[in-house]
Amino acid sequence: MADHRDDFIIAIRYALLKKGAKQKFSLFFLILLSISIITLDKFSLSFMSPTRAVLNDFVYHVSVISSQPTRLRRNLVSKTKEHYNVKRENIFLKKEMEYLKSQKFNNAFLKSENEILKKALEMSEDKGFGQNFSISAKVMLDQQSPYLKSLLLNKGTNSDITKGMTVFSKDYLMGTIIETNFLSSRVLLLTDLNSKIPVIIEDSNANAILEGTGKKNRLSLNYLPVNYKIEAEKIIFTSGKDGFLTAGIPVAKTYLNKKNTISIKLLGDPDQALIVNITKGQIKN
Amino acid sequence: MHYFRLIKNKFFTSIPVFLLYFFSFYDFEIPEVGKINFFAFNFQMILIYFYVLKFPENLGFGNIFLAGIINDTVLGTPLGTTSLSYLTLSLFTTYIKNATLRSVLTAEWFTFVPALFLSNLVFLVIINNFSNFSFYYVELLQNTFFTFLFFPVFYYVFIYYQRLISKD
Chain A
17 MADHRDDFII
27 AIRYALLKKG
37 AKQKFSLFFL
47 ILLSISIITL
57 DKFSLSFMSP
67 TRAVLNDFVY
77 HVSVISSQPT
87 RLRRNLVSKT
97 KEHYNVKREN
107 IFLKKEMEYL
117 KSQKFNNAFL
127 KSENEILKKA
137 LEMSEDKGFG
147 QNFSISAKVM
157 LDQQSPYLKS
167 LLLNKGTNSD
177 ITKGMTVFSK
187 DYLMGTIIET
197 NFLSSRVLLL
207 TDLNSKIPVI
217 IEDSNANAIL
227 EGTGKKNRLS
237 LNYLPVNYKI
247 EAEKIIFTSG
257 KDGFLTAGIP
267 VAKTYLNKKN
277 TISIKLLGDP
287 DQALIVNITK
297 GQIKN
Chain B
635 MHYFRLIKNK
645 FFTSIPVFLL
655 YFFSFYDFEI
665 PEVGKINFFA
675 FNFQMILIYF
685 YVLKFPENLG
695 FGNIFLAGII
705 NDTVLGTPLG
715 TTSLSYLTLS
725 LFTTYIKNAT
735 LRSVLTAEWF
745 TFVPALFLSN
755 LVFLVIINNF
765 SNFSFYYVEL
775 LQNTFFTFLF
785 FPVFYYVFIY
795 YQRLISKD
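Sequences listed follow chains A and B, in order. To convert, note that position 154 of the first sequence is 170 in my numbering; the numbers rise steadily by one, no gaps. To convert, note that position 65 of the second sequence is 699 in my numbering; the numbers rise steadily by one, no gaps.
Structural data, given as structure tokens:
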């Protein structure tokens, strides 16, 4: 037991006093120095304050210099974060811009729709459509299938639309209602093969039946008088012979096509129809 | 060429001293993870323990003392407190070095526990008796625990470094 304690004391003494190959101070001396400094600092002797002040100044200045890598790191981190924030913000702003653009287009669309509606209203009043030409509807779908050239409207029987009503876009005849639902209806366009209306050609007494062919620039006139030679740039009006449509509604016009032959095209453009007016068949003049 | 090699050797063997001073001058900060700073540890203590144990010729006691004084100035603790704490650690480490015959990481790692304990005890005793500072004991405990935990990592880093410079 005594040997073991002796070994411990020897080891401690060795550790305290041996300076080692490259040690300038022994641990014992340095520990004593530390304790002295602590005591001096505790009792705040007169020379301690200026010593500590000088030491503080020196250490603080060096400390500021040695903290530069940390500052650099912080700066780099904050800059990197900033960069990614800017990137994220940029993506967000791009999306917002796209959204605003779409809103702008939407506004433009609404504006033009509004103008069209205004014109339609004006037309209703000017042309005396008030009684029969009272229903305005919006084109929901432009159904240009190979089987049926038609438009789908957003109004149906709930707005008193019935089969057989005629549909106008701007001042021009577009077609007739062939199908009605509660909230929608279908218009058979004049361009459809099944469309047939009695017409009269400008500056002549020639009556005919205007038939669709599926194309708005290639309508056909049937039952024309024998030897009648059709001329270009003539307006085709409704003749009113069916007793349904008022006479004199401009429907189509003749023109000279690229092959120098006469063709007939609709005055109105079904593809451009957005708001249409629906009447029971006659325009009140 | 000879002088150049000497300077190079001197530079590389002085790196631990430089690190000790650097981390004493500069209050080492590691970003907090969550609410607790899990990675806060006392690098100087690992450095002192390792070098006093393995390569005492590369880290003098005088430097350890001075680094402690600087650390006290930076932290604002009574002058000499950290020095005494570091020197206690050095004393214990020297004792272990003299007492042990074979160097094994696990043994050295576990003897680091009483070394840390003694060192922190000295520090706390001085702080409690020679100043009006109050301490967050939990934080100090965390710090000590992570200092202990990270020792093997730095052990291998320092060993690798010493091998590198001894090749030159």
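No residue lacks a Cβ here, since even glycine has one placed at the ideal position from N, Cα and C. Keep in mind the model is a prediction, meaning the values are calculated, not measured.
Chain B contact for residue i (CB, 9 Å cutoff)
i, result
"Ser65/A", "no"
"Leu56/A", "yes"
"Asn72/A", "yes"
"Tyr115/A", "no"
"Ser83/A", "yes"
"Lys40/A", "yes"
"Ser94/A", "no"
"Ser52/A", "yes"
"Ala27/A", "yes"
"Ser79/A", "yes"
"Arg68/A", "yes"
"Leu43/A", "yes"
"Tyr100/A", "no"
"Leu46/A", "yes"
"Leu49/A", "yes"
Length of the line joining the Cα atoms of residue i and residue j
i, j, result
"Leu204/A", "Ile107/A", "47 Å"
"Gly191/A", "Leu126/A", "25 Å"
"Ser166/A", "Asn122/A", "26 Å"
"Ser155/A", "Val292/A", "What sits at residue 155/A in the sequence shown is Val, not Ser. Taking the straight line from one Cα to the other gives about 7 Å."
"Asn643/B", "Leu43/A", "26 Å"
"Leu283/A", "Asn223/A", "18 Å"
"Leu723/B", "Val93/A", "36 Å"
"Leu758/B", "Lys103/A", "49 Å"
"Pro14/A", "Lys117/A", "Past the boundaries of the shown model lies residue 14/A; chain A is included only from 17 to 301, so the question cannot be answered."
"Ile682/B", "Tyr720/B", "8 Å"
"Val267/A", "Asp258/A", "15 Å"
"Phe638/B", "Ile799/B", "14 Å"
"Lys95/A", "Asn101/A", "10 Å"
"Lys40/A", "Pro690/B", "12 Å"
"Ser587/B", "Val791/B", "Past the boundaries of the shown model lies residue 587/B; chain B is included only from 635 to 802, so the question cannot be answered."
"Asn763/B", "Arg797/B", "43 Å"
"Phe659/B", "Phe779/B", "23 Å"
"Leu735/B", "Asn692/B", "21 Å"
"Ser60/A", "Val708/B", "19 Å"
"Gly264/A", "Leu168/A", "26 Å"
"Lys120/A", "Lys111/A", "14 Å"
"Tyr794/B", "Lys801/B", "11 Å"
Anticipated Cβ contact below 8 Å, residue i with residue j, distance rounded
i, j, result
"Leu718/B", "Ile47/A", "7 Å"
"Lys54/A", "Ile698/B", "Reading off the sequence, residue 54/A comes out as Ile, not Lys. About 16 Å separates the two Cβ atoms, so there is no contact after all."
"Thr270/A", "Thr262/A", "Going by Cβ atoms, the distance from Thr270/A to Thr262/A rounds to 22 Å, so no, they are not a contact pair."
"Phe656/B", "Ser82/A", "6 Å"
"Asp208/A", "Gly228/A", "5 Å"
"Thr182/A", "Phe198/A", "No, Thr182/A and Phe198/A are not in contact; Cβ-Cβ is about 21 Å, not under 8 Å."
"Asn777/B", "Phe677/B", "Between Phe677/B and Asn777/B the Cβ distance is about 11 Å, and since that is not below 8 Å, they are no contact."
"Leu654/B", "Ala701/B", "5 Å"
Residue i burial status per 10 Å Cβ neighbour count (16 or more: buried)
i, result
"Glu773/B", "exposed"
"Phe785/B", "buried"
"Leu88/A", "exposed"
"Asn705/B", "buried"
"Val80/A", "exposed"
"Met113/A", "exposed"
"Lys171/A", "buried"
"Leu640/B", "exposed"
"Asp57/A", "buried"
"Ser52/A", "exposed"
"Leu713/B", "buried"
"Tyr685/B", "buried"
"Asn754/B", "buried"
"Thr86/A", "exposed"
"Ser128/A", "exposed"
"Glu247/A", "exposed"
"Thr178/A", "exposed"
"Leu206/A", "buried"
"Pro650/B", "buried"
"Ser6/A", "What the structure shows of chain A is the stretch from 17 to 301, and residue 6/A is not part of that stretch, so it cannot be assessed."
Cβ of residue i within 9 Å of any chain A Cβ
i, result
"Leu721/B", "yes"
"Ile760/B", "yes"
"Tyr660/B", "yes"
"Phe764/B", "yes"
"Ser800/B", "no"
"Phe784/B", "no"
"Tyr789/B", "no"
"Glu666/B", "Residue confidence is low: Glu666/B scores 48 on pLDDT, short of 50, so the model does not pin down where it sits. Its coordinate-derived value is still stated next. No, because no Cβ of chain A sits closer than 9 Å to the Cβ of Glu666/B."
Within chain C, partners of residue i - CB distance below 9 Å
i, result
"Leu88/A", "The structure shown has no chain C; the protein chains it does contain are A and B."
| message | Give me the subset of the segment 695-717 of chain B whose CB atoms are less than 7 Å from a CB atom of chain A, sorted by chain position. | response | Phe695, Gly696, Phe699, Ile704, Thr707, Val708, Pro712, Leu713, Gly714, Thr715 and Ser717
| query | When Cβ atoms are compared, which residues of the segment 726-754 of chain B fall closer than 7 Å to chain A? | reply | Thr728, Tyr729, Asn732 and Ala733
| field | Residues, ordered as in the chain, of the segment 642-656 of chain B that lie near chain A by beta-carbon distance below 8 Å | value | Phe656
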